[in-house]
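Report on one structure; see the data block that follows.
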Amino acid sequence: MGQFVHLHVHSHYSILDGASSIDKLISRALELGMPGIALTDHGNMFGVKEFLSKVSKVNGKVNDEIKQLKCDIENAEGEIERGGGNPAGLEELRLKLKEAQAKLFKPIVGCETYIAKKSRFDRTDKEDRHNYHLILLAKNKEGYHNLMKLVSYGYTEGFYYKPRIDKELLRKYSKGIIASSACLGGEIPQAILNGNIDEAERLIYEYKEIFGDDFYLELMLHKSGEPRIDYEVYENQLKVNEVLIELSKKTGVKCIATNDVHFVLADDASAHDILICLNTGKKLSETNRMRYTFQEYLKSEEEMLELFPNCPEAISNTMEIYHKVEVYDISSKPIMPYFPLPGGFTDDNDYLRHLTYEGAKQRWGENLSDTIVERLEFELGVIARMGYPSYFLIVWDFIKAARDMGVSVGPGRGSAAGSAVAYCLRITDIDPIKYDLLFERFLNP
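The numbering used here puts the first residue of the sequence shown at 3, with every later residue one more than the last.
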């Protein structure tokens with residue numbers, strides 16, 4: 003594996019801005035021998051589930067190997083505790099486990115957030131339409147949860163043209179998060195471009211106070227070869243990088259090299275340019291329009307080293323962040339809504355069973371056949387095992403309310419349309435026993 007990871011990467015989930023599929027980003031990073039990659043879409047985490055799922059498939063065989071080694075280690079430790087076993091063999095297994103874990107391709111979950119210039123609640127001045135960029139990366143599961151909160155508050159409390167957060171939220175939810183200063187649109191680079199070096203230094207200390215040793219300064223360098231674009235981007239990046247390197251030495255905040263990836267291969271630049279035209283409502287033929295440098299692709303470690311020959315530590319420092327990031331699982335059981343139970347019932351399974359059999363008597367009469375009872379017991383068992391009783395009760399409640407108000411209700415549809423329980427609750431109105439309808443589809447929703 004190489005000694006560089008991309009930590010500023012946009013996929014097509016950066017709507018009309020990123021032109022990279024997650025599959026291709028992962029494949030290219032692996033092809034280049036990189037040990038991992040970050041996903042930092044603009045203002046959102048929409049691609050995170052797909053990102054982690056795709057990486058999990060890539061790591062499938064290695065994870066199987068790790069699982070087996072852990073089992074072997076546990077057995078070997080048990081043998082030694084019982085007075086037998088082979089200590090040297092146990093150490094060999096532990097070494098193999100470390101080697102296997104080192105083979106894992108690591109996904110780094112992040113977001114390029116928008117920081118409001120004042121408060122996230124301000125929506126009056128023209129200045130409130132503008133914001134600063136800041137890269138946030140989840141270091142562990144707690145950081146992932148905090149990053150989700152920050153991004154969510156950006157939409158629910160701070161949205162004004164963009165989903166914005168502010169430093170009040172950063173201070174509250176900074177635990178487990180790694181931050182970096184972002185592109186030329188970051189607050190620190192903007193202070194430098196405005197000639198206010200003292201303010202840039204003050205901001206570095208402010209972010210350092212929020213994130214501690216988990217705050218980094220980003221260096222970027224995109225030379226396009228076109229004079230106008232180089233004047234607007236490359237020349238400014240040179241100016242900002244020079245100051246950032248000096249301030250890094252002064253403040254002790256380390257630099258990292260990033261490339262603001264928006265497409266996978268260099269050859270994808272033209273397609274990305276068309277995407278930007280769609281985003282900005284411009285024509286390709288227009289000269290005075292927003293243009294990228296055509297350098298925003300997933301560069302190799304060698305290409306990144308060539309960009310920063312006088313600051314090679316900015317390349318290796320990306321591995322420091324890589325090693326800080328833990329591997330964690332975001333999967334969880336479905337969180338079902340709560341259904342308040344009436345008096346006399348303390349368990350939603352019991353209440354669902356009560357309603358089901360009351361409804362069954364109305365549907366099929368007092369004397370239920372063995373076939374019907376067997377079918378109901380089977381379904382109730384599946385529903386209980388999957389944790390869906392409250393879901394059925396809530397649907398029963400609003401369907402009942404609709405009927406009571408005279409609202410038209412259809413005969414039923416969906417993955418549980420063949421359910422006898424749903425028929426007893428009058429969620430559906432087609433007899434699954436009479437028409438031999440299947441419930442099994444509901445087993446794999």
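Heads up, the beta-carbon is just placed ideally off N, CA and C, and yes, glycines get one too.
Under a Cβ-count criterion, where at least 16 other Cβ atoms within 10 Å of its own Cβ denotes burial, should residue i be classed as buried or exposed?
| i | result |
| --- | --- |
| Asp372 | exposed |
| Ala184 | buried |
| Leu219 | buried |
| Leu427 | buried |
| Glu189 | buried |
| Gly227 | exposed |
| Thr158 | exposed |
| Gly361 | buried |
| Arg355 | buried |
| Pro191 | buried |
| Asn261 | buried |
| Ala403 | exposed |
| Thr430 | buried |
| Ile206 | buried |
| Arg200 | Residue 200 is actually Asp in this sequence, not Arg. Classification of Asp200: exposed, given that the 10 Å Cβ count is below 16. |
| Phe213 | buried |
| Asp350 | buried |
| Tyr437 | exposed |
| Leu286 | exposed |
Flag this pair as yes or no: are the beta carbons of residue i and residue j separated by less than 8 Å?
| i | j | result |
| --- | --- | --- |
| Thr42 | His10 | yes |
| Gly156 | Thr126 | no |
| Arg122 | Arg173 | no |
| Phe107 | Val57 | yes |
| Thr320 | Ala259 | yes |
| Asp66 | Leu95 | no |
| Ala118 | Asn142 | no |
| Asn148 | Gly197 | no |
| Val64 | Ala31 | no |
| Ser302 | Phe341 | no |
| Phe494 | Val255 | Past the boundaries of the shown model lies residue 494; the chain is included only from 3 to 447, so the question cannot be answered. |
| Lys72 | Leu99 | yes |
| Ile332 | Leu54 | yes |
| Ile231 | Arg293 | yes |
| Leu370 | Trp398 | no |
| Val450 | Ala202 | Because the chain in this structure spans residues 3 to 447, residue 450 falls outside the shown range and cannot be described. |
| Phe394 | Ile401 | no |
Going by beta carbon distance, what residues of the same chain come within less than 7 Å of residue i, once the five residues before and after it are set aside?
| i | result |
| --- | --- |
| Gly112 | Ala40, Leu41, Thr42, Ile137, Leu138, Leu139, Ala140 |
| Tyr163 | Arg131 |
| Leu277 | Leu18, Ala21 |
| Ile82 | Pro89, Leu92 |
| Ile28 | Ile39, Lys56, Val57, Val60 |
Excluding five sequence neighbours on each side, which residues of the same chain lie with their C-beta closer than 8 Å to the C-beta of residue i?
| i | result |
| --- | --- |
| Gly389 | Lys335, Pro336, Met338 |
| Leu240 | Leu223 |
Does residue i come out as helix, strand or coil in the three-state DSSP assignment?
| i | result |
| --- | --- |
| Arg387 | helix |
| Lys164 | strand |
| His10 | coil |
| Glu159 | coil |
| Ile199 | helix |
| Lys100 | helix |
| His325 | helix |
| Lys256 | coil |
| Tyr218 | strand |
| Val263 | strand |
| Pro109 | strand |
| Leu54 | helix |
| His44 | strand |
| Asn142 | coil |
| Thr320 | helix |
| Ile429 | coil |
| Asn290 | coil |
| Asn369 | coil |
| Leu300 | coil |
| Ala193 | helix |
| Gly408 | coil |
| Tyr134 | strand |
| Ala184 | coil |
| Glu114 | strand |
| Gly80 | helix |
| Ile1 | The shown model of the chain, from 3 to 447, leaves out residue 1, and the question about it has no answer. |
| Gly38 | strand |
| Ile396 | helix |
Once you ignore the five residues that flank residue i on each side, which residues in its own chain have a CB closer than 6 Å to its CB?
| i | result |
| --- | --- |
| Gly2 | No answer is possible for residue 2: it lies beyond the span of the chain, which begins at 3 and ends at 447. |
| Asn281 | Leu18 |
| Val329 | none |
Below 8 Å on the Cβ atoms is my guess for residue i versus residue j; work out the distance and round it to an integer in Å.
| i | j | result |
| --- | --- | --- |
| Tyr299 | Leu267 | 6 Å |
| Ala316 | Cys257 | 4 Å |
| Gly414 | Ile396 | About 15 Å separates the two Cβ atoms, so there is no contact after all. |
Is the Cβ of residue i closer than 8 Å to any Cβ of chain B?
| i | result |
| --- | --- |
| Pro434 | You won't find chain B in this structure, because it holds only one protein chain. |
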